[in-house]
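Take a look at the structure below.
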Amino acid sequence: MTPAINAAKKAGIEFRIHSYEHDSKHPSYGMEAAEKLGIPPQRVFKTLVVSLDGRELAVAVVPVSTQLDLKAFAKAAKVKKAAMADARQVERSTGYVVGGVSPLGQKKRLLTLIDRSAADLPTLFVSAGRRGLEIELLAEDLAGLLDAQFIAIAK
């Protein structure tokens with residue numbers, strides 16, 4: 001059990017776990033999940049940790065088929081600048097290794113924004129806290145567990 005799965009269980013939401021054999025040579029963790037699970041990439045979301053004005057961290061959840069729009073994220077977070085956080089910061093803050101960072105079950109709850117495309121999906125997939133492990137759940141449940149907002153942050 002990962003902290004992400006435990007968080008979903010504790011919340012009492014419906015979810016499904018999907019696993020696959022992770023290939024360390026694959027160039028993209030998220031696209032690998034989509035390919036190996038046979039899911040459209042628009043339904044698989046990556047969890048990115050962002051530094052806001054160099055002072056605090058936040059989380060962006062965007063489809064693996066897109067990139068995070070840092071300017072849109074900064075505007076939504078009401079800061080001047082957003083930049084990708086350093087991998088060591090990400091691992092220290094979340095308790096997960098890069099490539100297996102889940103928006104659920106992080107050590108500390110951070111401001112979280114989910115790309116608004118998630119709201120139109122029947123379910124979405126995010127990392128369950130380990131490379132090769134995904135959790136499928138309703139977008140509304142994910143947002144509710146994280147006190148997150150749906151905002152256009154992907155490009």
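Okay, so the sequence shown: first residue is 1 according to the numbering used here, each after it adds one. Glycine is no exception: its CB is placed at the ideal position from the N, C-alpha and C atoms. For clarity, every value in this text was computed on a predicted model and none was experimentally measured.
- DSSP places P3 in the helix class (H, G or I) of the three-state scheme.
- In terms of Cβ geometry, L124 and E136 form a close pair [threshold 9 Å].
- Contact between R130 and G105 does not hold, since the beta-carbon distance rounds to 11 Å and is not under 8 Å.
- In the three-state reduction of the DSSP assignment, L138 falls in the coil class.
- By the C-beta criterion, the segment 72 to 89 is judged to be in contact with the segment 36 to 55, since at least 3 inter-stretch pairs fall below 8 Å.
- For G132, the CB contacts under 7 Å within the same chain, skipping 5 residues up- and downstream, are S19, Y20, E21 and H22 in chain order.
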